[in-house]
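Numbering (the numbering used here), first residue to last: 75 to 341.
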């Protein structure tokens, strides 16, 4: 497979803005599809199929494949090459169908947004290719440098594991960094936040200042919380872990903060 020639023939230049790096290593594609362990009848979702290296392997495993591609030229190419229907749309704006598993080499630039969107849906397993640095954030443990809001939001809803590292030479054009395949296995949140929306909002605020004490984060961001400074300080004083730093707190601790915050600000 000469991806460069194929792209030139289609008049396509990989977009840096869209984070387009096309998987060219057929061994990696084979491995991802086998790791997905697709059972007969399972509904599979693929996002950003590119030239179809994963797609052509997925259609050998399932008769129920939904493929979403933003680039109209690539969507048309895959439809013609593989005789399948491709949804030509921006996945962040599209309504996702019901699916059992998702297998994708995701565009780098939308990794965070698309992962959180996927986790709003009930599915069995995801095998997703990310930049290695982003993958490290997804699986990071509390107290480590990569631990961030996306670590919390992903691990709140799923078990996240790096199952294989992939060298940058496996892509065209060659990116500046290596990649990694992450396996996501969704599960019900435990413990659960009383409000998913409030949990997400608080994590955004706390991890904007993840090395400051929880109390100081909330007081300095009182306007974003819809509180005056005095009310924010009084609320923060009543929260668990108020003197701890968000980066040091596990998900159970952060849920406890959220639920206590809701309790002290309701009504």
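Cβ coordinates follow ideal geometry from the N, Cα and C atoms, glycine included.
- Query: From which residue to which residue does the beta strand (DSSP E) around residue 201 run?
  - Reply: The sequence position of residue 201 within the chain shown is 127, counting from 1. Where residue 201 is concerned, the enclosing beta strand (DSSP E) stretches over 199 to 205.
- Query: Run through DSSP, which three-state label would residue 331 get?
  - Reply: As a position in the chain shown, residue 331 is number 257, starting the count at 1. It is helical.
- Would you be able to state if there are at least three C-beta pairs under 8 Å between the segment 320 to 339 and the segment 274 to 292? Yes, the segment 274 to 292 is in contact with the segment 320 to 339.
- Query: Taking Cβ positions, are residue 170 and residue 129 nearer each other than 8 Å?
  - Reply: The residue given as residue 170 occupies position 96 in the chain shown. The residue given as residue 129 occupies position 55 in the chain shown. The answer is no: Cβ separation not under 8 Å.
- Label residue 312 either buried or exposed according to how many other C-beta atoms from any shown protein chain fall within 10 Å of its C-beta, with 16 as the threshold for buried. By one-based count along the chain shown, residue 312 stands at place 238. Counting Cβ neighbours within 10 Å, residue 312 comes out exposed, since fewer than 16 surround it.
- Message: Among 113, 272, 181, whose alpha-carbon lies nearest the alpha-carbon of residue 247?
- Response: The sequence position of residue 247 within the chain shown is 173, counting from 1. If we check each option's Cα against that of residue 247, 181 comes out closest.
- Query: Taking just the CA atoms, how far does residue 289 sit from residue 79?
  - Reply: Residue 79 sits at position 5 when you count from the first residue of the chain shown. Residue 289 sits at position 215 when you count from the first residue of the chain shown. Rounded to whole angstroms, residue 79 to residue 289 spans 57 Å at the Cα level.
- Query: What's the gap between the Cα of residue 96 and the Cα of residue 135?
  - Reply: Working through the chain shown from its first residue, we reach residue 96 at position 22. Working through the chain shown from its first residue, we reach residue 135 at position 61. Between residue 96 and residue 135, the C-alpha separation is close to 22 Å.
- Query: Taking only runs of the beta strand (DSSP E) that begin and end inside the segment 234 to 301, which ones reach a length of at least 3 residues, in chain order?
  - Reply: 253 to 260
- Query: Cα separation between residue 228 and residue 83?
  - Reply: Position 154 of the chain shown holds residue 228. Position 9 of the chain shown holds residue 83. Straight-line Cα distance between these residues: approximately 39 Å.
- Note down the Cα distance separating residue 259 from residue 116, rounded to an integer number of angstroms. Position 185 of the chain shown, counting from 1, holds the residue named residue 259. Position 42 of the chain shown, counting from 1, holds the residue named residue 116. Cα-Cα distance, rounded: 15 Å.
- Query: What's the C-alpha gap between residue 233 and residue 199?
  - Reply: As a working note, residue 233 is residue 159 in the chain shown. As a working note, residue 199 is residue 125 in the chain shown. Taking the straight line joining both Cα atoms gives about 10 Å.
- residue 341, DSSP secondary structure in three states: Locating residue 341 in the chain shown gives position 267, counting from the first residue. With a pLDDT of 45 at residue 341, under the threshold of 50, the modelled position of that residue is not reliable, and no figure is offered here.
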